[in-house]
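Engineer: Next up is a structure, given as structure tokens.
Residue numbers (UniProt numbering): 1 to 266.
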């Protein structure tokens, strides 16, 4: 017999739907048995069914609500965190949209909030600056962007992220370049400001010796390199940072730091 008391519950969390059911009554006499369920589902805009075999699961459902599918809001161009501020831009709001709003929620926040600080261009909302999202790393972050138009219903767009995967840190500062002897050069810098742990950074260094430039990476905030010529008269380096693969799926490079140089005595 099929499961009973099947229901779909929308908790109002911008995307997650809970699918709930009870075992069939015929299994009451088999309480020590493991029951396996097969779930088939499809989105409203799709004719194909998808299957899932799992005892416990959550499914991300794409809502298709009232509105012309050809007049949906564009994708988010990028979301980044310049600690502690989170900024989100809409890639293409389209000529049909006259007013755009966004609401958001993340795990641990028990209700949905609307953006309170919009970024505007040509009297349209093109982005949002969110407040500091305390303890929101490694948790799902949901955004719903909707709009209005005098001539069309516009379909809302839903996005889901984990914030640590879209962090754009500040660049390192307090760069130091020291020539220890005729050959050894010490490059050192401070860990970028913000709540990101030091162990989560990787650094890219661009080093120039006179007219020769090369690039290297390191996970430490200090590196020693060898001078290629005792006759070189100018040594310079600049550096940028991102969150490494051990703390996120893929990081976003920061801007480059200011250049730090050493000049020899002729």
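C-beta atoms are modelled at their ideal positions from N, C-alpha and C, and glycine is treated no differently.
These numbers were taken from a predicted model, which means no experiment stands behind them.
#1: Does DSSP classify residue 27 as helix, strand or coil?
#2: Would you check if there are 3 or more beta carbon pairs closer than 8 Å linking the region 140-147 to the region 198-214?
#3: Ordered along the chain, which non-local residues of its own chain (more than five positions away) have a Cβ less than 7 Å from that of residue 26?
#4: Would a C-beta distance cut-off of 7 Å place residue 190 and residue 174 closer than the cut-off?
#5: Would residue 194 be called buried (16 or more neighbouring beta carbons within 10 Å of its own) or exposed?
#6: State the Cα-Cα distance for the pair residue 170 and residue 192, rounded to the nearest angstrom.
#7: With burial defined as no fewer than 16 other Cβ atoms inside 10 Å of the residue's Cβ, what is the status of residue 9: buried or exposed?
#8: Round the Cβ separation of residue 49 and residue 41 to the nearest angstrom and send it over; I've been treating them as touching at under 8 Å.
#9: Give the secondary structure of residue 162 by DSSP, where H, G and I count as helix, E and B as strand, and everything else as coil.
#10: Whole angstroms are fine: how far does the CA of residue 236 sit from the CA of residue 259?
#11: Decide if residue 120 is buried, meaning its Cβ has at least 16 other Cβ atoms within 10 Å, or exposed.
#12: Beta-carbon within less than 6 Å of residue 222's beta-carbon, same chain only, minus the 5 sequence neighbours each way: which residues are those?
#13: Once you ignore the five residues that flank residue 51 on each side, which residues in its own chain have a CB closer than 6 Å to its CB?
#14: Can you check which of these residues, 218, 220, 202, 227, is closest to residue 212 by C-alpha distance?
#15: State the CB to CB distance for the pair residue 168 and residue 252, rounded to an integer number of angstroms; the pair is presumed to be in contact (CB under 8 Å).
#16: Counting along the chain, where does the beta strand (DSSP E) carrying residue 127 start and finish?
#17: Determine the closest residue to residue 245 out of 231, 203, 3, with distance taken between C-alpha atoms.
#18: With a Cβ-Cβ cutoff of 7 Å, do residue 164 and residue 248 count as a contact?
#19: Looking only at its chain, what residues have a beta carbon closer than 6 Å to the beta carbon of residue 118, apart from the 5 residues adjacent to it on each side?
#20: Excluding sequence positions up to five away, which residues of its chain have a Cβ less than 6 Å from the Cβ of residue 218?
#21: Is residue 40 helix, strand or coil by DSSP?
#22: Just list the residues that DSSP pairs residue 140 with in beta bridges.
#23: Grouping DSSP H, G and I as helix and E and B as strand, with all else coil, what is residue 20?
#24: What are the start and end residues of the beta strand (DSSP E) that includes residue 204?
Structural biologist: Per the coordinate set shown:
#1: Counted from its first residue, the chain shown places residue 27 at position 27. Three-state DSSP puts residue 27 in a helix.
#2: no
#3: As a working note, residue 26 is residue 26 in the chain shown. Here the set comprises 1.
#4: Along the chain shown, one-based indexing puts residue 190 at 190. Along the chain shown, one-based indexing puts residue 174 at 174. Cβ distance < 7 Å, so residue 190 and residue 174 count as in contact.
#5: For the purposes of this step, residue 194 is taken as the residue at position 194 of the chain shown. By the 10 Å Cβ count, residue 194 comes out exposed.
#6: Working through the chain shown from its first residue, we reach residue 170 at position 170. Working through the chain shown from its first residue, we reach residue 192 at position 192. For residue 170 and residue 192, the distance between alpha carbons rounds to 6 Å.
#7: In the chain shown, counting from the first residue as 1, residue 9 sits at position 9. It counts as exposed.
#8: The residue labelled residue 49 in the question sits at position 49 within the chain shown. The residue labelled residue 41 in the question sits at position 41 within the chain shown. Correct: roughly 7 Å between the Cβ atoms.
#9: What you label residue 162 is simply residue 162 of the chain shown in a count that begins at 1. Strand, per DSSP.
#10: One-based indexing of the chain shown puts residue 259 at position 259. One-based indexing of the chain shown puts residue 236 at position 236. Between residue 259 and residue 236, the C-alpha separation is close to 7 Å.
#11: Along the chain shown, one-based indexing puts residue 120 at 120. It is exposed - the Cβ of residue 120 has fewer than 16 other Cβ atoms within 10 Å.
#12: For the purposes of this step, residue 222 is identified with residue 222 of the chain shown, where counting begins at 1. Closer than 6 Å at Cβ, skipping near neighbours: 188.
#13: Against the chain shown, residue 51 aligns to sequence position 51. Around residue 51: 40.
#14: Here residue 212 refers to the residue found at position 212 of the chain shown. Ranking the options by Cα distance to residue 212, first place goes to 227.
#15: Mapped onto the chain shown, residue 168 falls at position 168. Mapped onto the chain shown, residue 252 falls at position 252. Rounded, the Cβ-Cβ distance is 4 Å, consistent with contact.
#16: Against the chain shown, residue 127 aligns to sequence position 127. 124-130 is the span of the beta strand (DSSP E), which, as asked, contains residue 127.
#17: The sequence position of residue 245 within the chain shown is 245, counting from 1. Minimum Cα distance to residue 245 is reached at 203.
#18: One-based indexing of the chain shown puts residue 164 at position 164. One-based indexing of the chain shown puts residue 248 at position 248. Cβ distance < 7 Å, so residue 164 and residue 248 count as in contact.
#19: As a first step, residue 118 is located in the chain shown; it is residue number 118 there, counting from the start. Around residue 118: 125, 128.
#20: For the purposes of this step, residue 218 is taken as residue 218 along the chain shown, with counting starting at 1. 203, listed in sequence order.
#21: Position 40 of the chain shown, counted from the start, is the residue given in the question as residue 40. Strand.
#22: By 1-based counting over the chain shown, the position of residue 140 is 140. Paired residues: 162.
#23: Position 20 of the chain shown holds residue 20. DSSP places residue 20 in strand when its eight states are reduced to three.
#24: Within the chain shown, numbered from 1, the residue matching residue 204 stands at position 204. Its beta strand (DSSP E) spans residues 201-209.
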